[in-house]
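Participant: Below are the structure tokens for one structure; questions will follow.
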Amino acid sequence: MEALNRRKFDRVPMDCEILYPTIFLNDDKKTFLDEDHKLNVCDVSEAGICVRSNFFIPVGSFLSFYFRVESNIPFKALVKIIWNKAEYGEYFAGGEFIALKSEEMKILVDYVEMHKKD
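Position 11 of the sequence shown, counting from 1, maps to 11 under the UniProt record's numbering, and the rest follow consecutively.
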């Protein structure tokens with residue numbers, strides 16, 4: 001029997017660096033302004049994102065950053081972190097976008113449609 005996909009939306013690979021992310025957890029806020037802290041997108045859907053970093057991102061935290069999808073104008077994204085794991089000296093985290101505007105969601109839908117494999 002085929003394994004069921006838990007996700008409602010198609011995800012596609014994306015290789016994109018995120019600069020100056022901010023993590024919010026409870027009353028704490030941390031913005032990473034130096035180049036020693038790396039954050040890269042692994043994959044994306046219209047509803048969520050998976051990122052790889054060299055720093056820990058706690059489950060339940062919120063990740064805020066400006067997200068540029070190809071040649072589109074960057075938009076401010078807010079992601080609620082749902083899961084994380086450490087693997088091979090790197091951290092991975094996945095979450096869902098919070099309160100995207102319709103035009104921002106359309107950018108993501110168009111990107112996924114253009115890059116998904118049938």
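Positions of the beta carbon are idealized from the N, C-alpha and C atoms, including for glycine.
Just so it is clear, the structure is predicted and the values come from calculations on it, not from any experiment.
Could you check how far apart the C-beta atoms of Y111 and V44 are, in whole angstroms? I think they sit under 8 Å.
Facilitator: On the sequence shown, residue 111 is found 111 positions in, with the first residue counted as 1. On the sequence shown, residue 44 is found 44 positions in, with the first residue counted as 1. Yes, they are in contact, since the Cβ atoms of Y111 and V44 sit about 7 Å apart, within 8 Å.
Participant: Could you give the uninterrupted runs of the beta strand (DSSP E) lying entirely in the segment 11 to 63, keeping only those of 3 residues or more?
Facilitator: With a minimum length of 3 residues, the continuous beta strand (DSSP E) runs that stay inside the segment 11 to 63 are 12 to 17, 22 to 25, 28 to 31, 39 to 44, 48 to 53.
Participant: Spatial neighbours of I18 within its chain, please: CB distance less than 6 Å, with the 5 preceding and 5 following residues excluded, ordered by chain position.
Facilitator: For the purposes of this step, residue 18 is taken as the residue at position 18 of the sequence shown. Only L39, F65 meet the Cβ criterion.
Participant: Express the C-alpha separation of C42 and F92 in angstroms, rounding to a whole number.
Facilitator: On the sequence shown, position 92 is the one that residue 92 refers to. On the sequence shown, position 42 is the one that residue 42 refers to. Using only the alpha carbons, I get a separation of about 9 Å.
Participant: Excluding sequence positions up to five away, which residues of its chain have a Cβ less than 6 Å from the Cβ of R68?
Facilitator: For the purposes of this step, residue 68 is identified with residue 68 of the sequence shown, where counting begins at 1. Closer than 6 Å at the Cβ level, and outside the excluded window around R68, lie P74.
Participant: Within 10 angstroms of its Cβ, does F56 collect 16 or more other Cβ (buried), or is it exposed?
Facilitator: For this step, residue 56 is matched to residue 56 along the sequence shown. The residue is exposed, with fewer than 16 neighbouring Cβ atoms inside 10 Å.
Participant: Check whether the Cβ atoms of P21 and L78 sit closer than 7 Å, and answer yes or no.
Facilitator: To locate residue 21, count along the sequence shown from 1; it is residue 21. To locate residue 78, count along the sequence shown from 1; it is residue 78. Contact: no.
Participant: For N54 and K116, I'd like the C-alpha separation in whole angstroms.
Facilitator: For this step, residue 54 is matched to residue 54 along the sequence shown. For this step, residue 116 is matched to residue 116 along the sequence shown. Cα to Cα, N54 sits roughly 27 Å from K116.
Participant: What's the C-alpha gap between S61 and F32?
Facilitator: As a first step, residue 61 must be located in the sequence shown, where it is residue number 61. As a first step, residue 32 must be located in the sequence shown, where it is residue number 32. Roughly 15 Å between the two C-alpha positions.
Participant: Find out if the Cβ-Cβ distance for the pair I82, G95 is shorter than 7 Å.
Facilitator: Residue numbering aside, residue 82 sits at position 82 when the sequence shown is read from its first letter. Residue numbering aside, residue 95 sits at position 95 when the sequence shown is read from its first letter. Yes, they are a contact pair.
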